[in-house]
Every structure is written in C-alpha cells, then in structure tokens.
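Engineer: First the structure, which I've put down as structure tokens, then a few questions once you've had a look.
Protein chains in written order, with our numbering: chain E, 9 to 119; chain A, 1456 to 1572.
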C-alpha cells in the first residue's frame, strides 16, 4: 500500500514569515494530493489540492507544488497569520479509491 | 462548499453496548463514503470504504464484525461499533466523495467523539 511521510511534525514561525510542509509518497500511480487544515476537535478542512497533471497551484497565500518524479509535494503558506495555527495533514490517493494521510504538522504562528 | 453531517457529535456509553454513528451528505449524493478513526494528536486512519448498495471494504486490521458499516442510500452511511470497549474510545470521522463536475472532492463530517466507560 501507499506510504506517506510528512515533515516536520511541528513548526513554529513568526507572524509574517513563510511556512513549508513537505510530504513524500511511495506509489507513483497516486494522482490526487489534497492538504487539510484541522483545528482542535474539528473536522479537517480542505485548503488546497493538486492533481498529477499539474506542477503547482496557488490560492492567495497558499500554494502547493508537486514533483511527480521525486514523489513529493509541499504546502507553502506565505505571510502567516496567527489564525493559520492548526494541524495540517497531507493526503494521497489514486482515483479516490483510498486516502492515505500523513502524520500531521502542528503549525504555531507566533504573533 | 458541500455539507456532510454526523450524528451524534458526542456519545458516552457503557462497555458492552453498541453505538451507531450516522454520516449524511446533505446536498449531494455520495456513492462512496469513508470512515476514519483519529486518536488524540494523531493522523486519520482509514477504517473502511463504504459503497452504496454493496459491502464495505475494510482496511487490514479492522474487524468487520466489530465495526459494522451500512451504506443504505446515496446520502447515508452508518457505522455501528458493536460491544464497545474502552479501547474503542476515539474520534470517528466520516467523509463523502462528491463526484461529477470537473473534479471529484472529498468532504468531511464534523466527527463523533466516542467514550466507552
């Protein structure tokens, strides 16, 4: 099955700085890569996603890059704000058959 | 975005009882729903994939007789934890696959906190 690794497990940044979280995966057939933000006790919320036919996608302060050859993808958050503090999960799937999640990154944005 | 509900949001039960959790897609039809389990400060672990009108597909290590899944309609899937024990205490989250349109998307329910005494 798929093996997804996510780093770092915790990340502290100063407000206004950028944050980068990286995930690697093992199955080259995987073709959909979403990122979720989860606040304590709440459901995961989709914040951005990318499909295997695209190398980069941006939505305001959030961007995702995908390197299919190296089998890794990264979440980039620029101009971080305290409300960005949460746990972020990457996920990987092939055609929505199953989703495999990374172990999560706790992001702390210090004001 | 699309809405997925879960009921109940929180349940406390005695050891040995069964608990049913409902997952509903409120504004779209979901042929596929997923059930996850999440331990404190941990990631989501896929338990099973629920397909409307057919048997659920369970992940390795998940007891199908312990965690009964029924996907009776295109908007409802249920997870029943049978003969619950304290080690079954966890946060259970469902998600529903929304198909159609340019791309598929997965939407999560708000989760159910199960505590078994």
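Cβ atoms here follow ideal geometry from the backbone N, Cα and C, with glycine treated the same way.
Note that this is a predicted model, so its numbers are computed, not measured.
Taking all protein chains shown into account, do 16 or more other C-beta atoms lie within 10 angstroms of the C-beta of residue 48 of chain E, making it buried, or fewer, making it exposed?
Structural biologist: It counts as exposed.
Engineer: Going along chain A in order, which residues have a C-beta closer than 8 Å to the C-beta of residue 81 of chain E?
Structural biologist: Within 8 Å Cβ-Cβ: nothing; residue 81 of chain E doesn't reach chain A, min ~16 Å.
Engineer: Is residue 1488 of chain A close to chain E, meaning its C-beta is less than 9 Å from at least one C-beta of that chain?
Structural biologist: no
Engineer: Quick one: give me the first and last residue of the beta strand (DSSP E) that residue 101 of chain E is part of.
Structural biologist: That run of the beta strand (DSSP E) goes 94-101.
Engineer: Do residue 1488 of chain A and residue 1582 of chain A count as a contact pair if the criterion is CB distance below 9 Å?
Structural biologist: Here chain A covers residues 1456 to 1572 and nothing more, so residue 1582 of chain A does not appear.
Engineer: The beta strand (DSSP E) that contains residue 114 of chain E, what's its start and end?
Structural biologist: Its beta strand (DSSP E) spans residues 113-118.
Engineer: Please report the residue range of the beta strand (DSSP E) in which residue 81 of chain E lies.
Structural biologist: 80-85
Engineer: Return the first residue and the last residue of the beta strand (DSSP E) that residue 13 of chain E is part of.
Structural biologist: 13-15
Engineer: Between which residues of its own chain and residue 1563 of chain A is the CB-CB distance below 7 Å, once the five residues before and five after are set aside?
Structural biologist: 1459, 1548 and 1550
Engineer: Whose Cβ in chain E lies nearer than 8 Å to the Cβ of residue 1561 of chain A?
Structural biologist: 42, 54, 104 and 107
Engineer: Return no unless some Cβ of chain A is closer than 9 Å to the Cβ of residue 57 of chain E.
Structural biologist: yes
Engineer: Please compile the residues from chain A whose C-beta is within a distance smaller than 8 Å of the C-beta of residue 110 of chain E.
Structural biologist: 1498
Engineer: Could you check the C-alpha separation between residue 1490 of chain A and residue 106 of chain E for me, to the nearest Å?
Structural biologist: 11 Å
Engineer: Just to confirm my understanding: we take residue 117 of chain E, look at its own chain, exclude 5 residues before and 5 after, and list those with CB closer than 7 Å. What are they?
Structural biologist: 21, 23, 88, 89, 90, 92 and 93
Engineer: Beta-carbon of residue 1548 of chain A versus every beta-carbon of chain E: anything under 9 Å?
Structural biologist: For residue 1548 of chain A, the answer is yes, since a Cβ of chain E falls inside 9 Å of its Cβ.
Engineer: Is there a Cβ from chain E that is less than 9 Å from the Cβ of residue 1565 of chain A?
Structural biologist: yes
Engineer: Can you tell me where the beta strand (DSSP E) holding residue 1551 of chain A begins and where it ends?
Structural biologist: Annotation: the continuous beta strand (DSSP E) that includes residue 1551 of chain A extends over 1545-1553.
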